[in-house]
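Shown next, in structure tokens, is the structure this report addresses.
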Amino acid sequence: MSIRFNKQKKQFVINTKHTTYAFEVVMDRYLYHTYYGKRTSVLPEPAYQLISFAPYIAGYDESRSPDVLPQECSFYGSGDFRPNALRLSGDGTGVSDFVYHSYRIYKGRTALDGLPAARADEHTQTLEITLKDDVCGCCLKLYYTVFADVDVISRYMVIENVGDGKVKIEKCMPLMLDLGRSDLDMISLYGSHCRELNYQRVPLHHGTQSVYSKRGASSHQYNPFVALCSHTATQEKGEVYGFNFVYSGSFLDEIDVDQRGHTRVLIGLGSDCFSYTLGCGERFCSPEAIMTYSSAGIGKMTQNMHDFIRAHILPPAALAPHPVVLNTWEACYFDIDEQRLVQFAKQAAQTGFDMLVMDDGWFGMRNHNRAGLGDWYENKQKFPDGLASFVAKIKAEGIKFGIWVEPEMVNPDSELYRAHPEWALRVNGREPLRSRHQLVLDMSNPDVLDYLTEQFDRTFQGIEIDYFKWDMNRHMSNVGSSVLEADKQGEIFFRYMRGVYRLFDWFAARFPNAVIETCSGGGGRYDLGMMQQGIQIWTSDNTNPYDRTMIQASALIAYPAATMSCHVSNPHENLRSLDYRYKVAVGGMLGYELNILNMSEEVKREIAAQITQYKSFEHLMRAGNYYCLAAPHAYDYSAYYYAASDGTELLLTVIEKAGNKKTKTKRLKMKAANPAKTYIECQSNAQYSGAELRAGLVIDLACEQDSAHLLHFKAL
Ligand code: DGJ
């Protein structure tokens, strides 16, 4: 049993493999958080502190103020002046105050009202805590779902309006964690388009620090993942708390250090881009947020996240080999047609590719990015015999077929927009702002979803599509909907995401044999919500290997390599660094974006050999354990390895950064090697004992431009 209730103490204890989480009901109303950390059976008792200006409940000791209690959930306006988890009211004050009522523990979990959520397995257990606020007529249910094997606990909340008036939710943060300390650094991933996932580690300070998105997408600018770690934490040592949100829209991660030096972590929908009005009898279910704890450094937090995402988030198809694709974008941009792509397919098949992915440019009047989005039928000039005949020709070359779509968008210059301007998000009386010449469709409008499903159904009738690349290339402004009442307009961001997830569900049901790669101008929706929809995510539109080395190293802190789509590309046809680009790209799921028609036979042979080699160790990145040995943020090179879970295979990568002056790496200790085994390195046939690999190899660095080293060890 991972969840226990001690009746006498009114204490809830959640145990995972290596962690314990505990809280108690105090004063018959508050949920007092007592512990989150290394697994233990010795738990601290609640403690109280008298603090001036802290309001308290009449009849109770002054030290028992909600402003000083470490809590599981806190409510705006009821004495806790720190950032709150919930702001809601029926009377316009925003004030609520929920009181503990009851609990339930059950096996597995229930679905989250059309939202992505971690899959349960036979060990999963859920704790449901019910609280009530009779004044606003609501029932609040807090859920703790426990994934004990991977040390992850997820949290979401359901609010039910059981009263007789309307209730408006104005802030919703399903995960709240109060820690009685602030001696911590915050790790977050910030960036911009083509510059995603920069690593930042800074000490916490008094006040609120946050990462967020108000863009309607989780965004390139701040990723929803954050971690807090002790100041001295390294890959292998120190305490680390990791957090993430299973959602792809606007979010808020709020970390507050209060007057006493206590830290509150809140993960959720925030308040800027969220409100939700509940009529009598209605309920609202939030997305879920997750947390993990490691007492063994950042590396263990990373592994918990990776294991959790592979076992509970990614669709099962992501656990099988991902296709090695040749994507047309950087080779052709919009300049595609049947004749050209059939040639691509022929050459790609001969070179050993699994799939040709036809990127943007195949539909409507899509000859550039100023027109066509929304008109999801083939362009007759480019495909005169129709899409079905074209795809049949591709398949006849012995290769699979993937296609690009961007369902959530519309160009003003499109038949769809001319027929239905009211289907774009916009505010009455205001000209909607454009971005990449496009507007955002109102995915909260069921008519829009009906149009899209009917149109895609018709266009892809009788065509066997193996793969969709689902893109999303702008953020939301002028967020208004033509189908919602004025008091419901604040719900659009959330309803939009639910509409998007519904459309993903439709694709999954309609094309059961197809897999999806998600994308938002690269890594603009690199989040757990999207990871549940597709086998991988296009990590960044930046395929420069030096930049990619940084981007991929940061992504791996929170997300496994199986999620990371990495292409060898060279838009300028200069293939000098093909080997280097390949060695960077095999840090994740390999693909290519090159003009295969311009390639020499020699280059094609090199790519064919790369694909063959990649397939010999692809399982290590997809399913193995990742270890960071030298992060490129701190060293002149990037060094990491993947290991099979039984330690019988290892893949060591060293990527030299531009201008590297070091002549040797530090000792690269592969502690996942089995000391009792002997290993052979597959290229050189050199033999190493497991003990040697554990003690570490020192790699001679070339200090030349575009140098990288790949060593694949197999136990004999
Ligand atoms: C942005 C994506 O990130 C690119 O890979 C490509 O698909 C373009 N969109 C196409 O418009």
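Position in the sequence shown (from 1) plus 330 gives the number in the working numbering.
Just so you know, even glycine gets a beta-carbon here, dropped at the ideal spot from N, CA and C.
Note that the structure is a prediction, hence the values are computed from the model and not measured.
Taking Cβ positions, are Pro737 and Leu782 nearer each other than 8 Å?
Against a cut-off of 8 Å, the Cβ pair of Leu782 and Pro737 comes out as a contact.
Here's the rule I'm using: 16 or more other beta-carbon atoms within 10 Å means buried, otherwise exposed. How should Asp780 be labelled?
Result: exposed.
The alpha helix (DSSP H) that contains Leu824, what's its start and end?
The question names Leu, but residue 824 in the sequence shown is Phe. Per DSSP, the unbroken alpha helix (DSSP H) holding Phe824 starts and ends at 822-840.
Going by C-alpha to C-alpha distance, which of Ser870, Leu746, Leu920, Gln791 sits closest to Phe841?
Selected option, being the one with the closest Cα: Gln791.
For Tyr436, count neighbouring C-beta atoms within 10 Å of its own C-beta (all shown protein chains included) and say buried if the count is 16 or more, exposed if not.
Result: exposed.
Out of Arg412, Thr658, Glu1034, His767, which one is the CA nearest neighbour of Gly702?
For the options Arg412, Thr658, Glu1034, His767, the alpha carbon positioned closest to that of Gly702 is the one of His767.
Considering only heavy atoms of ligand 1, does any lie closer than 7 Å to the CB of Asn803?
Indeed, a heavy atom of ligand 1 lies less than 7 Å from the Cβ.
Could you tell me the boundaries of the alpha helix (DSSP H) in which Met631 lies?
For Met631, the uninterrupted alpha helix (DSSP H) run begins and ends at 627-638, by DSSP.
Per DSSP, which one or two residues make a beta bridge with Thr1008?
In the DSSP output, where bridge partners are listed per residue, Thr1008 has Ser1019.
Tyr623 bridges to which residues according to DSSP?
Tyr623 has Tyr571 as its beta-bridge partners, per DSSP.
Do three or more CB pairs link the stretch 533-548 to the stretch 618-626 at distances below 8 Å?
The stretch 533-548 vs the stretch 618-626: no contact.
Could you give the DSSP three-state label for Met919: helix, strand or coil?
Here Met919 sits in strand by DSSP.
Once you ignore the five residues that flank Lys994 on each side, which residues in its own chain have a CB closer than 8 Å to its CB?
For Lys994, where only same-chain residues beyond five positions count, the Cβ hits under 8 Å are Val1028, Ile1029, Asp1030, Leu1031.
At which residue ranges does the stretch 665-704 contain complete beta strand (DSSP E) runs of 3 or more residues, listed in the order of the chain?
Segments of the beta strand (DSSP E) lying fully in the stretch 665-704: 685-688.
Please find out if some non-hydrogen atom of ligand 1 comes closer than 7 Å to the beta-carbon of Asp1059.
Any question about residue 1059 goes unanswered here, given that the chain covers just 331 to 1046.
Can you list, in chain order, the residues of its chain whose CB lies under 7 Å from that of Leu399, leaving out five sequence neighbours each side?
Excluding its 5 nearest sequence neighbours in each direction, Leu399 has C-beta neighbours in its own chain below 7 Å: Tyr360, Tyr362, listed in chain order.
Taking 7 Å as the cut-off, is the beta-carbon of Asp689 closer than that to any non-hydrogen atom of ligand 1?
It does: the Cβ of Asp689 is within 7 Å (strictly closer) of some heavy atom of ligand 1.
Which one of Gln455, Met695, Glu668 has the shortest CA to CA distance from Phe720?
Comparing Cα-Cα distances from Phe720 to each of Gln455, Met695, Glu668, the minimum goes to Glu668.
Could you check what DSSP says for Tyr707 in three-state terms: helix, strand or coil?
Of the three classes helix, strand and coil, the one that applies to Tyr707 here is coil, per DSSP.
Nearest-angstrom Cα separation, counted from Thr848 out to Phe405
Taking the Cα positions, Phe405 is about 36 Å away from Thr848.
Candidates Arg369, Phe834, Ser426: which alpha carbon is nearest Phe798's?
Out of Arg369, Phe834, Ser426, Phe834 has the C-alpha closest to the C-alpha of Phe798.
Nearest CA to the CA of Pro385: which residue from Asp410, Met685, Tyr967, Leu649?
Looking only at Asp410, Met685, Tyr967, Leu649, the smallest Cα-Cα distance to Pro385 is reached by Asp410.
Quick check: the Cα distance between Asn1015 and Tyr912, rounded to an integer number of angstroms?
Here the C-alpha atom of Asn1015 lies approximately 21 Å from the C-alpha atom of Tyr912.
Limits of the unbroken alpha helix (DSSP H) element including Met1060
Here the chain comprises residues numbered 331 to 1046, so residue 1060 is not present and cannot be evaluated.
Among Gly1020, Ile666, Gly854, Gly407, which residue has its Cα nearest to the Cα of Gly691?
Among Gly1020, Ile666, Gly854, Gly407, the Cα nearest to that of Gly691 belongs to Ile666.
If you measure between the beta carbons of Asp705 and Gly694, is that distance less than 8 Å?
Taking 8 Å as the Cβ cut-off, Asp705 and Gly694 qualify as a contacting pair.
Taking the straight line between their C-alpha atoms, what separation do you get for Leu380 and Gly600?
Straight-line Cα distance between these residues: approximately 30 Å.
So, using beta-carbon positions, are Met861 and Ile643 closer together than 8 Å?
A contact, by the Cβ cut-off of 8 Å.
Who are the Cβ neighbours of Gly609 in its own chain at under 8 Å, not counting the five residues just before and after it?
Sequence-distant Cβ neighbours of Gly609 in its own chain, meaning closer than 8 Å and more than five residues away, are Asn491, Lys496.
Answer with buried or exposed for Ser382, where buried requires no fewer than 16 other C-beta atoms within 10 angstroms of its C-beta.
The residue is exposed, with fewer than 16 neighbouring Cβ atoms inside 10 Å.
Roughly how many angstroms separate the alpha carbons of Thr893 and Met919, rounded to a whole number?
Note on geometry: alpha-carbon atoms of Thr893 and Met919 lie some 8 Å from one another.
Check Ile985 in the structure and name its three-state DSSP category.
In this structure, Ile985 counts as strand in the three-state DSSP scheme.
Using alpha carbons as the reference points, say which of Arg594, Lys501, Leu649, Pro504 lies closest to Gln539.
For the residues Arg594, Lys501, Leu649, Pro504, the minimum Cα distance to Gln539 belongs to Arg594.
Where does Asn491 sit, in a helix, a strand or coil, going by DSSP?
Looking at Asn491 - three-state DSSP - the assignment turns out to be strand.
On the three-state DSSP scale, how would you describe Glu936?
DSSP places Glu936 in helix when its eight states are reduced to three.
Taking the DSSP output, what are the residues bridged to Asp515?
According to DSSP, which records beta bridges pairwise, Asp515 is partnered with Pro533, Cys559.
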